[in-house]
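These protein sequences, in sequence, are chains A and B. Residue 2 is where the first sequence starts when you use the working numbering, and the numbers rise one by one after that. Residue 522 is where the second sequence starts when you use the working numbering, and the numbers rise one by one after that. The beta carbon of each residue, even a glycine, is placed where N, CA and C say it ideally should be. Just so it is clear, the structure is predicted and the values come from calculations on it, not from any experiment. Encoded as structure tokens, the structure appears first; notes follow it.
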Amino acid sequence: MMAIPCIAAERPVEGAQTICRANVEPWIESLLTRAEVIAPVRGRGADVLFAAISRADEALWEFENPLMPPKQLVLPPTEPMVSIRETEGRHEVEPIDGGRPRILLNVRSCDVKGIEFLTAMHAAPPADGAFLRRRDALTLISLTCLAPSQTCFCTCTDSGPFLSGGYDLQLTDLGDSLMAEPGSDRGRELLEQGRGWFAPAKPADLAERRRRAKEAWRSFGSTTCHFASAMRRVSTGRVSGELWEAMSDWCLGCGGCTLICPTCYCFSVKDRAVEGGWERCRLWDSCQYAAFTLEASGHNPRDRAAARMKRRFFHKVSAQYYVRDRLIGCVGCGRCMKVCLGAADMPSVVAAIRKGEWHA
Amino acid sequence: MSRGRLCARGWTAHQTPVWGERLTTPMIRRAGVLTAVSWREALDHAAGRLSELRASGTVGVLGSPRATNEDNYLAVKLARVALKTPHLDSCQGSAGGLLLEGIADVTHVPPLASFADVEAADLVLLVEGDLVRSHPRAAFAVMTAIRRGATLVTIGPRVTHLARLGAVHMTAAPGRLAAVVNGLLAAMMELAGARGASLAERYDGCDALLDELAADSGDACSVDIAKQIAAAERMVVILGAAAISASQARAQGAAWASLLALSGHLDRPGSGFVVAQSRANALGTLAMGMSPDRLPGWFPLDDRDALDRVEATWRADAELSEGAPSAALIRAVDGLIVLAEDPETSLPDGAAAHAALEAAECVIVLDAFVTETVKLAEVVLPIASFAESDGTYTSMTGRLRRLRSAAAPPGNARSAFAVLGEIGARLGSVNGHATPADVFGEIAAIAPAYAGKGYRAASDVGTSGAADARRNRRFRLRVSPPDPEPSPEWPWVLGIDGDHDWSRDPLIRYSPIASRDSVSRQKLFPSGWVEMSRDDAEELGVRAGRRVRLSSRHGEVVVPAQIRPEICRHVALVPFECREHAAAVLGGAPVAAVRVEPA
């Protein structure tokens, strides 16, 4: 699919308000009194990462999207789910509730879309209670992107740089002020709570928001990923085994792409000993690791790297989720390009699938 | 160095400190049972036993590539100054160290290439192991070079993942690497013939080399590669597990260095070696002087300038003679300090290492994790894991890396830095250091390469300073000795594949995700396995998983066979993690000529 301007995202939604720069910090301080606030911060060294803030000025407003997506807020790398205690020969099993009210501030559009994808997956029957409790407790305040970084291609996956839904509140930097567009009742409630700081957007603000959205879109240049074409080929079985073999030679099976992918959720289950019993934990895992599909008999249906790679990209690129949820298994964040210990990142593989040939 | 790109071990490393079987309290063995005691009691006991054994017998220290530069340096000082013993080493240092020594025999200071050099090279010579499995980040650098148009030449017994991507694969059965490098040297000498006079002027031993090589004239493939080496502007030679674990590793190192010197790549920016040792701080361990025959800074024991700096810095009597290397060391000593190491996992002869530790009078272990060595210890001192430590590492390409603690050590565990300091203080002759940064300062005073680098920044330290020591030096070119040949009676070659047992290393063993592969393998093949080519298996009438009898002049074993299409003919490979199962056939050597029959 060519980068088609998303008309909906260019039009500010109903009920947009603005907040002037000076009021942003007091507003965030007020959020901090209500819930834990997670935002991109500069960690030790120069890395940007999502972390809980204790002061409003810790949150970054201009930053390159953190390498680790915020999916750990809904799917922690190690998630204790059930506590098992043994008393007098009986086992008591109790769910562990990991959900607590949290606000995710300045999350980028691609990551909002990632959380939307994960929610659709985990809400589909049978629903995953542990995930949904964490998701329900999370409020998303997104920050639109005015300029893409080098590896961004969200315009190809319908996941940015501006969104028309999926967030509770969408912020756009207008220079002297921020525009806030509510995307849910929770978002409208946030604006209501911040009444003293927010004012209804004026026509000039709305025009400036539209101009910035268009400009952001244009700044992606002629980025095209041809997702639709690749999706058709994958979904109709038109990718040859030889092509998967050729591509898998350029993958070292590190699993990095899956661990940093905002839409990947493969997991394993493992018991951890704690005092008086165990905790059954869900751990991040990767379909790219050879033993992920190893069966107890010793048989492994995907013992070849090519088979594992085919499985992953079928999951990401095939039309099944688009048909069901209107969602694509890739949000165009470009993180896999940054971590790939090889050359098998999403844009390269999509290009190879579309062309039917691989050039490293 | 990783620039955000990690390998599978890196992505799962955070699990190890959390899920691992951690040591959280000091313990002393009483009536055969490890019993929790206070730190004071444990340290007093350890120091008391060491003083006793120092007086009545021999003591030794094993450092570790799992520990920081600072911790290894303190352990070196503990050995040479406080315990006055020359017996100090790291278990893997012997192998990688020998290869580096061989390179240094020719070049004085090993010219180490960075990953950026690998990526920018136009020719990469890779002596495998299997770099994709052993060093994925280095393999990525090679892949990047290929994408940029570099020519990759792989050398080894398998057509590995990288060999599939490379331009030329030179088959070399285990133990036959010398034949390959001799062939390349002979071809290179022929090419250099035209400018032989200038070579002879520059290099000592040129004539001798020509005589030695007279019998070998390079085959067509060697001649072709020699031409490419001569034409390449930047060449990197990556020496992987096969070179590191080769018998005659030192001669191998010298031969590869000779090739670099002959082809004019020595001292050329962008050309050099990557010695792909396993484990994080293998090079740092050597560079800190955790070696029976080296000073901190990797200077030889007779380097007068380095000795002066050591004396000026330590200002104490120190034992500066040459001691025993690790495998002999653990057999020779009565008392042993083991810093974050498990010799039976790391040494080529694990069973002998286990027996030696069992026989030692007193083993004092500093570790974060439960290992087999901990189970044999008299004193166990729990220390911080990598996730809880401050300090520096020296990467395999000679870059200084800063390690910052991300959490507090669990229970009563303390930093290795503090524990080594306490033992040194109790033994009465080591000055305390307030922080790892102070230790780093002292290292920099002895090893100029570490000076002025700053404790924070990543920088290039190589194995040792004195980069200009190479200038005006006349090179002594060497050639590897010829390999033993298979005979009609023993027509196959059996070799060990790899140089480290990751499956039993705490980093992998204690990560639920990373350990899965090896746990499954061990369940399926509890008595190990041997790998052979499909053609050989068909000829023998052996199917995958069926048992074969391996026999050599040393003995025989029966093990299941695994079929690997990428292995060359008449070669059987035993993974390092299964080496014990083939020990009877190998007879203590890394390679043996064998006969293979269906069992």
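Exposed unless 16 or more other CB atoms sit within 10 angstroms - verdict on residue i
i: A/T88; result: exposed
i: B/G1123; result: Look at the range of chain B in this structure, 522 to 1120, and you will see that residue 1123 of chain B is not part of it.
i: B/G1066; result: exposed
i: A/S223; result: exposed
i: B/D638; result: buried
i: B/A978; result: Bear in mind that the predicted position of B/A978 carries a pLDDT of just 45, short of 50, making it too unreliable to give a figure here.
i: B/R992; result: Caution applies to B/R992, whose pLDDT of 43 falls short of 50 and renders its modelled position unreliable; the value that the coordinates give is listed next. Exposed, by the Cβ-count rule.
i: A/C157; result: buried
i: B/R830; result: buried
i: B/D1018; result: buried
i: A/A60; result: buried
i: B/G986; result: Residue placement at B/G986 is poorly supported in this model, since its pLDDT is 40, which falls under 50; the coordinates still yield a value, given next. It counts as buried.
i: B/S577; result: exposed
i: B/K598; result: buried
i: A/I97; result: exposed
Cβ-Cβ distance between residue i and residue j below 8 Å
i: A/L105; j: A/I142; result: yes
i: A/P183; j: A/L175; result: no
i: A/S220; j: A/F163; result: no
i: B/A972; j: B/I765; result: no
i: B/P632; j: B/G761; result: no
i: B/G650; j: B/V1014; result: no
i: B/L857; j: B/A873; result: no
i: A/A273; j: B/W1050; result: It should be pointed out that residue 273 of chain A corresponds to Arg in this sequence rather than to Ala. Not closer than 8 Å, so no.
i: B/A751; j: B/L860; result: no
i: A/Q289; j: A/R305; result: no
i: A/C331; j: A/K311; result: no
i: B/A684; j: B/M756; result: no
i: B/Y1031; j: B/E573; result: no
i: A/M82; j: A/Y266; result: no
Cross-chain neighbours of residue i in chain A, by beta carbon under 7 Å
i: B/F938; result: By Cβ distance, chain A contributes nothing, its closest Cβ being about 20 Å from B/F938, past 7 Å.
i: B/G1131; result: Since the first residue shown for chain B is 522 and the last is 1120, residue 1131 of chain B is missing from the structure and cannot be characterised.
i: B/S655; result: Within 7 Å Cβ-Cβ: nothing; B/S655 doesn't reach chain A, min ~12 Å.
i: B/R925; result: R45
Chain B residues whose Cβ lies nearer than 7 Å to that of residue i
i: A/G260; result: According to the sequence as given, residue 260 of chain A is Leu; it is not Gly. Within chain B, the residues near A/L260 are W532.
i: A/G299; result: L1045
i: A/D206; result: Chain B residues near A/D206: none, gap ~38 Å exceeds 7 Å.
i: A/A352; result: What A/A352 touches in chain B: nothing, since even the nearest Cβ is about 15 Å away.
i: A/A292; result: R1037, D1038, S1041
Closer than 7 Å: residue i CB and nearest the ligand ADP heavy atom
i: B/R601; result: The ligand ADP is not part of the structure shown, which contains no ligands of any sort.
Contact set between residue i and chain A, taken where Cβ atoms lie within less than 8 Å
i: B/F661; result: L253, L342, G343
i: B/R658; result: L342
Contacts that residue i makes with chain A (C-beta to C-beta distance below 9 Å)
i: B/H682; result: D250, L253, A306
i: B/R668; result: W251, A344, A361
Contacts of residue i in chain B (Cβ-Cβ under 9 Å)
i: A/K215; result: Result: empty, since nearest Cβ-Cβ is about 32 Å, beyond 9 Å.
i: A/S269; result: P1033, I1034, R1037
i: A/L295; result: R1037, D1038, S1041
i: A/G257; result: G525, R526, L527, C528, A529, G531, W532
Listed by chain order, chain B residues near residue i by CB distance under 8 Å
i: A/G335; result: Under the 8 Å cutoff, chain B gives no residues; its nearest Cβ is about 12 Å from A/G335.
Quick check: the stretch 59-72 of chain A against the stretch 240-256 of chain A, are at least 3 beta-carbon pairs closer than 8 Å?
no
Check whether the stretch 792-812 of chain B touches the stretch 1035-1044 of chain B, counting contact only when three or more Cβ pairs, one atom from each stretch, lie closer than 8 Å.
no
Between the stretch 152-175 of chain A and chain B, which residues of the former have CB atoms less than 8 Å from a CB of the latter, in chain order?
none
With 8 Å as the limit, tell me which residues of the stretch 791-808 of chain B have their beta carbon closer than that to any beta carbon of chain A; keep them in chain order.
none
Give, in chain order, every residue of the stretch 811-823 of chain B whose Cβ lies closer than 7 Å to some Cβ of chain A.
none
Interfacial residues, the stretch 536-554 of chain B to chain A, with Cβ spacing under 9 Å
Q536, V539, W540
Please name the residues in the stretch 1036-1052 of chain B whose beta-carbon is closer than 7 Å to at least one beta-carbon of chain A, in chain order.
R1037, D1038, S1041, L1045
Touch check for the stretch 768-778 of chain B and the stretch 651-665 of chain B: three-plus C-beta pairs under 8 Å?
no
Any contact between the stretch 535-553 of chain B and the stretch 845-854 of chain B? By contact I mean 3 or more CB pairs, one from each, below 8 Å.
no
Pairing CB atoms from the stretch 90-105 of chain A with CB atoms from the stretch 30-40 of chain A, are three or more of them under 8 Å?
yes
Can at least three beta-carbon pairs, one atom from the stretch 1007-1027 of chain B and one from the stretch 788-806 of chain B, be found at a separation below 8 Å?
yes
Is the stretch 957-967 of chain B close to the stretch 573-591 of chain B, with three or more CB pairs under 8 Å?
yes
At a cut of 8 Å, does the stretch 15-28 of chain A reach the stretch 200-210 of chain A through at least three beta carbon pairs?
yes
Pair every Cβ in the stretch 284-297 of chain A with every Cβ in the stretch 321-335 of chain A, then say whether three or more of these pairs are closer than 8 Å.
no
Closer than 7 Å between beta carbons: that is the criterion. Which residues of the stretch 43-69 of chain A meet it against chain B?
R45, L68
Any residues in the stretch 78-90 of chain A with a beta carbon nearer than 8 Å to a beta carbon of chain B? Which ones, in chain order?
P78, T79
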